[in-house]
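Following the working numbering from start to finish, the sequence shown increments by one per residue and tops out at 230.
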Amino acid sequence: MANILITGATSGVGAELAKRLSVRGDSLFLTGRSKEKLQNLDLDAGSIALDLTAPGAAEQLVASAISAMGSIDVVVHCAGIGLIKPAADTSDAEFTHVMNVNTRAAFLLAREVCKPMAAAKKGLFITIPGILGKAPMRNASAYVASKYALTGMIKCFAQEYQRSGLRFCLFHLGGIDSPFWDNIQMAVQRDKMIPISTAADLILQAIDAPAHLVLSEVIMQPESHQLI
């Protein structure tokens, strides 16, 4: 069993993972922006509601998780926002916001949590840039920029910590049928998307891989949109 920190734990893949890991007995510490939604998960887990983009939030989260669990073995960073909008219609404020949430917050979390994991000479950091962290899409320039940046940034972390016992895994999952799409103005076939349960299965495989192995990058997407 492992000590696992999950961000974005109140919905989608994060919530599904939290439920599965709790059932099998892993020690969990969960975070999201809504205290009410965290409480509604009704799991045997520590939690704190915060905005990772706020000053000092990443430090507070890591310290709280270590205080509750004793250490952090695995981080699953699921928090993020979407923005599907033509570049010509995307404001400076919108671009800044999506970069702040999807890239800067991930940087702050990774920067802080890698310190104690490196000191312990072990740790696994998982995040989900999605397929748009690997391939562009029309009308999503700001979102794609945030996810490409996330991919490159985590690869840099992997190089910086390659002799510290840390492992990093990127999940390039395309079209997960999650609440992400509830407020996106775009015609999509949600029945053709990746089920949340399937995405959770893949991440569990990465968590359960032997400590000397790592699923560095995982790509899965609907057959009709596959990369070749």
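The beta carbon of each residue, even a glycine, is placed where N, CA and C say it ideally should be.
- Item | Opposing strand residues paired with V76 [DSSP bridges] | Residue mapping note: residue 76 aligns to position 74 of the sequence shown, counting from 1. Its beta-bridge partners are I6 and L126.
- Item | Continuous beta strand (DSSP E) stretch holding G48: start and end | Working through the sequence shown from its first residue, we reach residue 48 at position 46. Looking at the DSSP string, the run of the beta strand (DSSP E) that includes G48 is G48 to A51.
- Query: Under the rule that 16 or more other beta-carbon atoms within 10 Å means buried, what is S25, buried or exposed?
  - Reply: Position 23 of the sequence shown, counted from the first residue, corresponds to residue 25. Before going further, note that residue 25 is Val rather than Ser in the sequence given. Per the 10 Å Cβ criterion, exposed.
- Rounded to the nearest angstrom, how far is the Cβ of L175 from that of A211, given a contact under 8 Å? Locating residue 175 in the sequence shown gives position 173, where the first residue counts as 1. Locating residue 211 in the sequence shown gives position 209, where the first residue counts as 1. 17 Å between Cβ atoms; not a contact.
- Query: Hey, L110 and C171: beta-carbon distance below 9 Å or not?
  - Reply: Position 108 of the sequence shown, counted from the start, is the residue given in the question as residue 110. Position 169 of the sequence shown, counted from the start, is the residue given in the question as residue 171. No.
- Item | Residue from F31, D46 and P88 whose Cα sits closest to the Cα of A65 | Counted from its first residue, the sequence shown places residue 65 at position 63. Taking only the C-alpha atoms, the option nearest A65 is F31.
- List the DSSP bridge partners of F170. In the sequence shown, residue 170 corresponds to position 168, counting from 1. F127.
- Query: Where does the unbroken alpha helix (DSSP H) through S24 begin, and where does it stop?
  - Reply: Looking up residue 24 in the sequence shown gives position 22. G14 to R26 is the span of the alpha helix (DSSP H), which, as asked, contains S24.
- Inter-residue Cα distance where the pair is I128 and A108: For the purposes of this step, residue 128 is taken as the residue at position 126 of the sequence shown. For the purposes of this step, residue 108 is taken as the residue at position 106 of the sequence shown. Straight-line Cα distance between these residues: approximately 11 Å.
- Task: For R22, collect the residues of the same chain with a Cβ closer than 8 Å to its Cβ; drop the 5 residues on either side in sequence, then sort them by chain order.
- Result: Along the sequence shown, read from residue 1 onward, the residue named residue 22 stands at position 20. Excluding sequence neighbours, R22 sits near A202 and L206.
- According to DSSP, what are the bridge partners of F31? In the sequence shown, counting from the first residue as 1, residue 31 sits at position 29. The partner list for F31 (beta bridge, DSSP) reads L7 and G48.
- Message: Which residue wins for smallest C-alpha separation from Y145, given the options A4, M222, V103 and K117?
- Response: Here residue 145 corresponds to residue number 143 of the sequence shown, with the count starting at 1. Checking every option, the nearest Cα to that of Y145 belongs to V103.
- According to DSSP, which residues form a beta bridge with L175? Working through the sequence shown from its first residue, we reach residue 175 at position 173. DSSP output for L175 lists M222 as bridge partner(s).
- Task: Could you confirm whether any beta carbon from chain C is found closer than 9 Å to the beta carbon of G167?
- Result: Going by chain labels, chain C is absent from the structure shown, which holds only one protein chain.
- Compare the beta carbon distance of R169 and V115 with 9 Å and say whether it is the shorter of the two. Counting from one through the sequence shown, the residue named residue 169 turns up at place 167. Counting from one through the sequence shown, the residue named residue 115 turns up at place 113. It is not a contact, given that the beta carbons lie outside the stated cut-off.
- Task: Compute the Euclidean distance between the alpha carbons of A213 and I130, then round it to the nearest angstrom.
- Result: Indexing the sequence shown from 1 puts residue 213 at position 211. Indexing the sequence shown from 1 puts residue 130 at position 128. Their backbone Cα atoms lie some 20 Å apart in a straight line.
- Query: Taking Cβ positions, are A4 and V100 nearer each other than 9 Å?
  - Reply: Counted from its first residue, the sequence shown places residue 4 at position 2. Counted from its first residue, the sequence shown places residue 100 at position 98. For A4 and V100, no; Cβs fall outside 9 Å.
- Could you tell me which residues DSSP puts in a beta bridge with I196? Taking the first residue of the sequence shown as position 1, residue 196 is located at position 194. Bridge partners of I196: I178.
- Message: So, under 8 Å CB-CB, G167 and K117 are touching, yes? Tell me the CB distance rounded to an integer number of Å.
- Response: The count along the sequence shown starts at 1 and reaches residue 167 at position 165. The count along the sequence shown starts at 1 and reaches residue 117 at position 115. At roughly 13 Å, the Cβ-Cβ gap does not stay under 8 Å, so G167 and K117 are not in contact.
- Task: Determine the burial state of M139: buried for a count of at least 16 other Cβ atoms within 10 Å of its Cβ, exposed for fewer.
- Result: As a first step, residue 139 must be located in the sequence shown, where it is residue number 137. Answer is exposed; the Cβ neighbour count stays below 16.
- Item | Whole-angstrom distance between E162 and T98, CA atom to CA atom | Within the sequence shown, numbered from 1, the residue matching residue 98 stands at position 96. Within the sequence shown, numbered from 1, the residue matching residue 162 stands at position 160. If you take the alpha carbons of T98 and E162, they lie about 27 Å apart.
- Exposure label - Q41; buried when at least 16 CB within 10 Å: On the sequence shown, residue 41 is found 39 positions in, with the first residue counted as 1. Counting Cβ neighbours within 10 Å, Q41 comes out exposed, since fewer than 16 surround it.
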